[in-house]
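J.:
There are 2 protein chains.
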Amino acid sequence: MNVAIIGTGLIGGSMAIALKEKKLAAKIIGVENNKLHAEEAIKLGLVDEINELDEAISKSDLIILAVPVSDAEKMIISILEKVDKQVVIDAGSTKNAICETANKSENRKRFVATHPMWGTEFSGPKAAVSGAFVGNAVVICDKENSDKDAVELVEKMYRDFGMNLLYMDSISHDVHAAYVSHISHITSFALANTVLEKEKEEGTIFGMASGGFESTVRLAKSNPDMWVPIFQQNRENVLDVLNEHISQLRKFKSCLEKENYQYLTELIQNSNKIKRILK
Amino acid sequence: MNVAIIGTGLIGGSMAIALKEKKLAAKIIGVENNKLHAEEAIKLGLVDEINELDEAISKSDLIILAVPVSDAEKMIISILEKVDKQVVIDAGSTKNAICETANKSENRKRFVATHPMWGTEFSGPKAAVSGAFVGNAVVICDKENSDKDAVELVEKMYRDFGMNLLYMDSISHDVHAAYVSHISHITSFALANTVLEKEKEEGTIFGMASGGFESTVRLAKSNPDMWVPIFQQNRENVLDVLNEHISQLRKFKSCLEKENYQYLTELIQNSNKIKRILK
């Protein structure tokens, strides 16, 4: 099949690599507004050609929307209008907004809402990597609103990528994504700002930074163009989890203020239960 | 030389491996109160024998204290009392408390206060790994209070481990360590508790957890026996950074509450400056 990838950055580019490696696409057509990214996507061999949107859609069997979630929501109706038998998917970190918008389209059933749970803190075509999705989960949302053949094509593609398929409604997805992804990014952004704020006083600390620091702060390199629209679309869930996180941090603060090391030990022992989930 | 390692866990065990690999130690003697750990340390070949503390000290040229910082502080005086020409070092994440205590010893000059800036979220002899310290910083504190030959021996050892040597006074060390290490652990513990709290309502989220989540939460597996004493000894600095971190998180919260996405973008752009420091 021919595949159009709208947005040839980290996610779109990595999907292009996976599609080629798994021999799922005869031709990959990129759609890319950013001229530098378009050139890079060609030069890196991520896509075979760069087309305008309409041409790319007409020539493709599968259209993958891999742009910031605000752009995806804006584009989904007009893309579905141009679609006949093609399948359209998105790969965004929020699902309810795009599903609600897509539901207004007569061609809704050609759309499958998906969220491959993989990413890095880097962006653009150069950030695309081989083997990106292997062993991670992909969430397919509201699949009863999509045509069966469309869902099957998408399921096969993600299975071929080596992903574990999960199904849920788009509202639940956004609740869960706030817990397991969005809050980690806010924490990391805030931690970077904490240390950068202190660096004004303390210029020498960075020679000391080791793996633990790097691990908790690396997400702070993530692109605001991608993340602000995610936080905007998932505002209520993110606020809910952020409030809980601040109140959990206040417990640590209170233990230290009151020198209650017994309770501090219990808080840490409780957090150790995360071992059940992360190996 | 013969080396005594008091505490054959993550740090002591990894130092044992490095000492053997770099052919710096003819014999490594473990001192270990935990019987299971003592057996493991022998079985894994980390140490050649397990001795009582006094015997180990008398047979060794270098004594490495790799126990929780509260135990290290308790033991340092009595260890220095038993020392003649031997060199004693510690490897703890806080430096001011042990230095202040050691300063009361007549043998203070045989002690070198060090903090190799490496660790993982695991503990015990089985957590010890080869190549642990390569490319990381080690901080040597208050070196003017140590004999020159003692400092030189320790500098050579850490250089042979592949570490970058930094020097500072023990008070400054503890300030910096709060920024680049201790706060990351509190954030991670609190984030794990946030998600575990929510899991009571939301049992299915863990199939979705991906690299970003794992990265920010992995430190939450860390051992409270090690970390509570660190937070206790570095209480004021950790509280200072924790207060700043909570106020940074409140800025994100306020942006979302007020839907001020321009300021949210600026907050994220500012945090992106961490790229200057982390590659």
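In order, the protein sequence lines correspond to chains Z and E. FYI, this note's numbering numbers position 111 of the first sequence as 525, with every residue one higher than the one before it. FYI, this note's numbering numbers position 240 of the second sequence as 654, with every residue one higher than the one before it. Just so it is clear, CB atoms sit at the ideal spot from N, CA and C, and this is done for glycine as well.
#1: Cα separation between residue 562/Z and residue 602/E?
#2: Specify, as a first and last residue, the run of the beta strand (DSSP E) that residue 530/E falls within.
#3: Taking the alpha helix (DSSP H) that residue 431/Z falls in, what are its first and last residues?
#4: In its own chain, which residues sit with a C-beta less than 6 angstroms from the C-beta of residue 560/E, not counting the 5 before and 5 after it?
#5: Strictly by DSSP, which residues pair up with residue 479/E?
#6: Please say whether residue 530/E and residue 458/E have beta carbons closer to each other than 7 angstroms?
#7: Let's test the definition: count the other Cβ atoms within 10 Å of the Cβ of residue 509/Z and tell me whether it reaches 16, buried, or not, exposed.
#8: When the Cα atoms are used, what is the spatial distance from residue 587/Z to residue 512/E?
#9: Alpha carbon to alpha carbon, what distance is there between residue 473/E and residue 499/E?
#10: Please confirm whether residue 643/E and residue 483/E have their CB atoms less than 7 angstroms apart.
#11: When Cβ atoms are compared, which residues of the region 418-433 of chain Z fall closer than 8 angstroms to chain E?
#12: When we look at the beta-carbon of residue 454/Z and count the other beta-carbons within 10 Å, is it buried (16 or more) or exposed?
#13: Along the region 550-578 of chain E, what residues have a CB closer than 9 angstroms to any CB found in chain Z?
#14: Distance check for residue 600/E and residue 491/E, CA to CA, integer angstroms please.
#15: For residue 467/Z, would you say it is in contact with chain E, using Cβ-to-Cβ distances shorter than 7 angstroms as the test?
#16: According to the Cβ coordinates, are residue 542/E and residue 428/E closer than 7 angstroms?
#17: Excluding the five sequence neighbours on either side, which residues of its own chain have a C-beta within less than 6 angstroms of the C-beta of residue 396/E, listed in chain order?
#18: Terminal residues of the continuous beta strand (DSSP E) containing residue 552/E?
#19: Which parts of the region 587-628 of chain Z are runs of the alpha helix (DSSP H), unbroken and 4 residues or longer, counting only runs that do not cross its ends?
#20: Output yes if chain Z places a C-beta closer than 7 angstroms to the C-beta of residue 581/E; else output no.
#21: Going by DSSP, what residue range makes up the alpha helix (DSSP H) through residue 688/E?
#22: Of all the CB atoms in chain E, is at least one closer than 7 angstroms to the CB of residue 662/Z?
#23: Is the number of C-beta pairs between the region 589-598 of chain Z and the region 648-662 of chain Z that are closer than 8 angstroms three or more?
#24: Does residue 538/E get closer than 7 angstroms to chain Z when you measure Cβ to Cβ?
#25: Would you mind listing the beta strand (DSSP E) stretches within the region 433-465 of chain Z that are 3+ residues and don't spill past its ends, in chain order?
#26: Is it true that the CB of residue 592/Z sits closer than 7 angstroms to the CB of residue 648/Z?
#27: Any idea what DSSP makes of residue 415/E, helix, strand or coil?
#28: Can you tell me which of the three DSSP states residue 637/E falls into?
#29: Answer with yes or no whether the minimum CB distance from residue 545/E to chain Z is below 7 angstroms.
#30: Any beta carbon of chain Z sitting closer than 7 angstroms to that of residue 626/E?
#31: For a test of the three-state rule: what should DSSP assign to residue 674/E, helix, strand or coil?
#32: Can you tell me the Cβ-Cβ gap for residue 419/Z and residue 432/Z, rounded? I've got them flagged as a contact below 8 angstroms.
#33: In whole angstroms, what is the alpha-carbon distance linking residue 421/E and residue 437/Z?
#34: Rounding to the nearest angstrom, what Cα-Cα distance links residue 681/E and residue 535/E in this structure?
#35: Tell me the DSSP secondary structure of residue 651/Z in three-state form.
#36: Against chain E, which members of the region 628-648 of chain Z pass a CB distance test of less than 9 angstroms?
T.: With the given structure in hand:
#1: So the alpha carbons of these two residues sit roughly 42 angstroms apart.
#2: Counting along the chain, the beta strand (DSSP E) containing residue 530/E begins and ends at 525-530.
#3: 424-435
#4: Counting only Cβ-Cβ distances below 6 angstroms, and skipping sequence neighbours, we find 523 and 526.
#5: 420/E and 504/E
#6: no
#7: With 16 or more other Cβ atoms within 10 Å, it is buried.
#8: 49 angstroms
#9: Spanning the two alpha carbons is a distance of roughly 11 angstroms.
#10: yes
#11: none
#12: buried
#13: 550, 551, 553 and 578
#14: 30 angstroms
#15: Answer no: the Cβ-Cβ gap between residue 467/Z and chain E never drops below 7 angstroms.
#16: yes
#17: Examination of residue 396/E is not possible in this model, given that chain E is present from 415 through 693 alone.
#18: Where residue 552/E is concerned, the enclosing beta strand (DSSP E) stretches over 551-555.
#19: 597-613
#20: no
#21: Segment: none, residue 688/E is in no alpha helix (DSSP H) and carries neither H nor E.
#22: For residue 662/Z, the answer is yes, since a Cβ of chain E falls inside 7 angstroms of its Cβ.
#23: yes
#24: no
#25: The region 433-465 of chain Z contains these whole beta strand (DSSP E) runs: 441-445.
#26: When the beta-carbon positions are compared, residue 648/Z and residue 592/Z come within less than 7 angstroms of each other.
#27: coil
#28: coil
#29: With 7 angstroms as the cut-off, residue 545/E does not count as an interface residue toward chain Z.
#30: yes
#31: Residue state, collapsed to three classes: coil.
#32: Actually they do not touch by this definition, with Cβ atoms about 11 angstroms apart.
#33: Rounded to the nearest angstrom, the two C-alpha atoms are 54 angstroms apart.
#34: 29 angstroms
#35: helix
#36: 628, 629, 630, 631, 632, 633, 634, 635, 636, 637, 638, 639, 641, 642, 643, 645 and 646
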